[in-house]
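See structure below.
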Amino acid sequence: MQPHGFNRRDFLKTLGAGVGAALVLPSLTACAGTLGASGARGAADEASLTGWDRVPGILARIRPPVFPRRDFPITRFGAVADGTTDATAAFRAAIDACSSAGGGRVVVPAGRYLTGPIHLRSNVDLHVEKDATVLFSRDPKAYLPAVLTRFEGTELMNYSPFIYAYGQTNVAITGQGTLDGQADREHWWSWKGSAEFGWREGMPNYKASRVRLLAAAENGVPVEQRTFGEGDYLRPQMIQPYRCANVLIEGVTIRNSPMWEIHPVLCTNVTVRGVTIDSLGPNNDGVDPESCRDVLIEDVTFNTGDDCIAIKSGRNADGRRLNVPSENIVVRNCRMADGHGGVSIGSEISGGVRNVFVERCRMDSPNLERVTRLKTNAVRGGTLEHIYLRDITVGQVAHDVLAIDFFYEEADKGTFMPTVRDVELRNVTAEKSEHALYLRGFPQAQISGVRLIDCDFRNVAKPNVVENAPGVELRNVRINGTVVTSLTPRPATAGAR
1 MQPHGFNRRD FLKTLGAGVG AALVLPSLTA CAGTLGASGA RGAADEASLT
51 GWDRVPGILA RIRPPVFPRR DFPITRFGAV ADGTTDATAA FRAAIDACSS
101 AGGGRVVVPA GRYLTGPIHL RSNVDLHVEK DATVLFSRDP KAYLPAVLTR
151 FEGTELMNYS PFIYAYGQTN VAITGQGTLD GQADREHWWS WKGSAEFGWR
201 EGMPNYKASR VRLLAAAENG VPVEQRTFGE GDYLRPQMIQ PYRCANVLIE
251 GVTIRNSPMW EIHPVLCTNV TVRGVTIDSL GPNNDGVDPE SCRDVLIEDV
301 TFNTGDDCIA IKSGRNADGR RLNVPSENIV VRNCRMADGH GGVSIGSEIS
351 GGVRNVFVER CRMDSPNLER VTRLKTNAVR GGTLEHIYLR DITVGQVAHD
401 VLAIDFFYEE ADKGTFMPTV RDVELRNVTA EKSEHALYLR GFPQAQISGV
451 RLIDCDFRNV AKPNVVENAP GVELRNVRIN GTVVTSLTPR PATAGAR
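Residue 461 in our numbering sits at position 461 of the sequence shown, with consecutive numbering throughout.
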């Protein structure tokens, strides 16, 4: 029996019905319902606001879904808590019954349950109780048939994410239990093609398939024809609501993901709260909202193999085809340990990003590379604007407090000049870093509107790097105990990252 979800057959059937355009490019507003006159006035009023004054309006729209008080324990549908009996059919039956009844909670009681992909439906809360663990199958074939998804910012038909929802309204994953992807050096991670994660000469990896996917997107191959799966080694994400409205992920612990862990795509009204993410595999980003609107990430603990939070909006031609930015994202009261960046923006950012607010976060690890990083290039492009951090406390990071880097990967070898403007750090303190600032724009596309206010950076090992970032504003900023009022342009040294 095949799992529920939006697969290639459904995709082609819907296109044949003449509504393919609605699937390929709906507006985010359509996901959440159309604005009435009062909503339009509210949007106009918010557009007149600047900086942190926008946040109350954003938070007022972010409302977690509410579910009927009905429970559907998976054990009632045949699930056995022994960690070896396949419970895929039990999850599916419980979700179907819950949805058909008008919604409620699909409850995972204490115990260990082995399953393939879980596909959520509207008005269903997957509730994983304390002392319950959902173990996801290590058999890649369990995640077929392929569904419509994204891989590194490009749409395709690929393995199903472990927990997936397509075009649903009011979906949640809650509880104090654990979601264990069971990925390790022998399962999933070696597909990266890196010896660090178990790959050895002669073993398969994803590199050729990734090149084929990117070429298909650049050449305008229709998404339904970008078919990948067995033999292509493109790892699935752990959790991916796709084109959904009203999403809540709360309380659970996530371990051992094949790839990105929480990856909402083209969603509106998303709350990620009180989650613990502990997964140190390759590309194990924690939370990656991509082309989403109105997102709250709060009280989350991160220990990740890549960016803790990475805000994205599609890659290259595919990002420009959809042209949906990520916007109105609030991050607060989070704790970041290992990772590439505490809060990163990019690199799959061709649709742009605006209105990002990060506050009251604590970051501290010798294996955390940067506090915040904006990464793009002349192939990605994108406009990145209105990005604000305040009240951030940093113990140590390996590299930079603030990095804005146009030289990521392809650097200037493209024609889509990125734009970065209006970036503010206020009351950010760091006890140890390599650089305070690492700013590298292009001569023809300079970084503008960077402000630092009431910041204190101690034990900074190297001078700031500043290339094509004129007019950085410094107010009450100390570096190694010295008040700094201006920055001297200073290029990166030979061999710099």
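Even for Gly, the Cβ is constructed at its ideal location relative to N, Cα and C. The structure presented is a predicted model; accordingly, all values stated were derived computationally and were not measured.
Report the residue from Lys375, Lys413, Asp364 whose alpha carbon sits nearest the alpha carbon of Gly395. Translated into the one-based positions of the sequence shown, residue 395 becomes position 395. When the alpha-carbon of Gly395 is set against those of Lys375, Lys413, Asp364, the nearest one is in Asp364.
Count the other C-beta atoms from every protein chain shown that fall within 10 angstroms of the C-beta of Leu49, then say buried if there are 16 or more, exposed otherwise. As a working mapping, residue 49 is identified with position 49 in the sequence shown. Burial call: exposed.
Closest to Met417 by CA distance: which of Lys462, Phe442, Ala461, Arg235 is it? The residue given as residue 417 occupies position 417 in the sequence shown. Closest by alpha carbon: Phe442.
Among Asn427, Asp422, His386, Val420, which one has its Cα closest to the Cα of Thr393? Looking up residue 393 in the sequence shown gives position 393. Taking only the C-alpha atoms, the option nearest Thr393 is Asn427.
Do the CB positions of Glu250 and Ser279 come within less than 8 angstroms of each other? Position 250 of the sequence shown holds residue 250. Position 279 of the sequence shown holds residue 279. Result no, Cβ atoms of Glu250 and Ser279 do not sit closer than 8 angstroms.
Whole-number beta carbon distance between Gly342 and Pro325, since they are thought to touch under 8 angstroms: What you label residue 325 is simply residue 325 of the sequence shown in a count that begins at 1. What you label residue 342 is simply residue 342 of the sequence shown in a count that begins at 1. Wrong, their Cβ atoms sit about 21 angstroms apart, outside the cutoff.
Comparing alpha-carbon positions, which option in Asp180, Gln176, Asn205 lies nearest Trp189? Along the sequence shown, read from residue 1 onward, the residue named residue 189 stands at position 189. When each option's Cα is compared against that of Trp189, the closest is Asn205.
Along the chain, where does the alpha helix (DSSP H) that runs through Asn316 open and close? For the purposes of this step, residue 316 is taken as the residue at position 316 of the sequence shown. Looking at the DSSP string, the run of the alpha helix (DSSP H) that includes Asn316 is 316-322.
I need the straight-line Cα distance from Thr174 to Arg370, nearest angstrom please. Position 174 of the sequence shown holds residue 174. Position 370 of the sequence shown holds residue 370. Rounded to whole angstroms, Thr174 to Arg370 spans 30 angstroms at the Cα level.
Three-state secondary structure (DSSP) at Ile249? On the sequence shown, residue 249 is found 249 positions in, with the first residue counted as 1. DSSP places Ile249 in strand when its eight states are reduced to three.
Backbone secondary structure at Phe197 - three-state DSSP: One-based indexing of the sequence shown puts residue 197 at position 197. DSSP, read as helix, strand or coil, puts Phe197 in helix.
In whole angstroms, what is the alpha-carbon distance linking Glu514 and Ser194? Nothing in the structure corresponds to residue 514, since the chain is present only between 1 and 497.
Measuring straight from C-alpha to C-alpha, what distance separates Glu129 and Ala461? Counting from 1 along the sequence shown, the entry for residue 129 is found at position 129. Counting from 1 along the sequence shown, the entry for residue 461 is found at position 461. Spanning the alpha carbons of Glu129 and Ala461 requires a straight line of approximately 46 angstroms.
Using 10 angstroms around the beta-carbon of Thr141, count the other beta-carbons present and answer buried if the total reaches 16, otherwise exposed. Locating residue 141 in the sequence shown gives position 141, counting from the first residue. Note that residue 141 is Lys in the sequence shown, not Thr. The residue in question, Lys141, is exposed, as its Cβ has fewer than 16 Cβ neighbours within 10 Å.
Given Asp299 as reference, the closest of Ser313, Val270, Arg335 once Cα atoms are compared: Along the sequence shown, read from residue 1 onward, the residue named residue 299 stands at position 299. Nearest to Asp299 by alpha-carbon distance, out of Ser313, Val270, Arg335, is Arg335.
Please state the DSSP three-state secondary structure of Arg210. For the purposes of this step, residue 210 is taken as the residue at position 210 of the sequence shown. In the three-state scheme derived from DSSP, where H, G and I count as helix and E and B as strand, Arg210 is classed as helix.
Where does Arg76 fall in DSSP's three states? Within the sequence shown, residue 76 is the residue found at index 76, counting from 1. If DSSP states are grouped into helix, strand and coil, Arg76 belongs with the helices.
Within a Cβ cutoff of 7 angstroms, which residues of the same chain sit near Ser470, ignoring the five residues on either side of it in sequence? If you number the sequence shown from 1, residue 470 lands on position 470. For the sequence presented, residue 470 should be read as Pro rather than Ser. Residues Gln446 of the same chain have their beta carbon placed closer than 7 angstroms to that of Pro470, with the five preceding and five following residues left out of the count.
Does the count of Cβ pairs from the region 72-79 and the region 105-124 closer than 8 angstroms reach three? The region 105-124 and the region 72-79 touch, with three or more beta-carbon pairs separated by less than 8 angstroms.
Chain-order list of residues whose beta-carbon lies under 7 angstroms from that of Arg185 (same chain, five-residue window excluded): For the purposes of this step, residue 185 is identified with residue 185 of the sequence shown, where counting begins at 1. So the qualifying residues of the chain are Phe197, Gly198.
Where Arg354 and Arg61 are concerned, what is the direct C-alpha to C-alpha distance, given to the nearest angstrom? Walking along the sequence shown from the start, residue 354 turns up at place 354. Walking along the sequence shown from the start, residue 61 turns up at place 61. Looking at the backbone, the Cα of Arg354 and that of Arg61 are separated by about 17 angstroms.
Grab me the residues of Leu296's own chain with a C-beta within less than 6 angstroms of its C-beta, minus the 5 sequence neighbours each way, in chain order. Counted from its first residue, the sequence shown places residue 296 at position 296. Beyond the five residues adjoining it in sequence on each side, Leu296 comes within less than 6 angstroms, by CB distance, of Ile62, Thr271, Val330 in the same chain, given in chain order.
Exposed unless 16 or more other CB atoms sit within 10 angstroms - verdict on Arg293: Walking along the sequence shown from the start, residue 293 turns up at place 293. Flag for Arg293 reads buried.
Could you have a look at Phe442 and say whether DSSP puts it in helix, strand or coil? As a first step, residue 442 is located in the sequence shown; it is residue number 442 there, counting from the start. Strand, per DSSP.
Assign Pro463 to one of three DSSP states: helix, strand, or coil. Within the sequence shown, numbered from 1, the residue matching residue 463 stands at position 463. When secondary structure is reduced to three states using DSSP, Pro463 falls in the coil class, being assigned neither helix nor strand.
In the DSSP assignment, the beta strand (DSSP E) including Ala132 goes from what residue to what residue? For the purposes of this step, residue 132 is taken as residue 132 along the sequence shown, with counting starting at 1. Counting along the chain, the unbroken beta strand (DSSP E) around Ala132 starts and ends at 132-136.
Looking at Asp307: is its Cβ nearer than 8 angstroms to the Cβ of Ser344? As a position in the sequence shown, residue 307 is number 307, starting the count at 1. As a position in the sequence shown, residue 344 is number 344, starting the count at 1. Between Asp307 and Ser344, the C-beta spacing is below 8 angstroms.
Compare the Cα-Cα distances from Leu234 to each of Leu144, Thr415, Glu218 and report the closest residue. Taking the sequence shown and counting its residues from 1, the one referred to as residue 234 is at position 234. Distance from the Cα of Leu234 is smallest, within the candidate group Leu144, Thr415, Glu218, for Leu144.
As a quick exercise: from Arg243, Lys192, Gly111, Arg458, pick the residue whose alpha carbon is nearest that of Gly167. For this step, residue 167 is matched to residue 167 along the sequence shown. Residue Arg243 is the option with its Cα nearest to Gly167.
Less than 6 angstroms between C-beta atoms, sequence neighbours within five positions excluded: which residues of the same chain meet that for Asp405? Locating residue 405 in the sequence shown gives position 405, counting from the first residue. Once the five neighbours on either side are set aside, the close Cβ partners of Asp405 are Lys375, Arg440.
Ala217 versus Thr154: straight-line alpha-carbon distance, rounded: Within the sequence shown, numbered from 1, the residue matching residue 217 stands at position 217. Within the sequence shown, numbered from 1, the residue matching residue 154 stands at position 154. So the two alpha carbons sit approximately 7 angstroms from each other.
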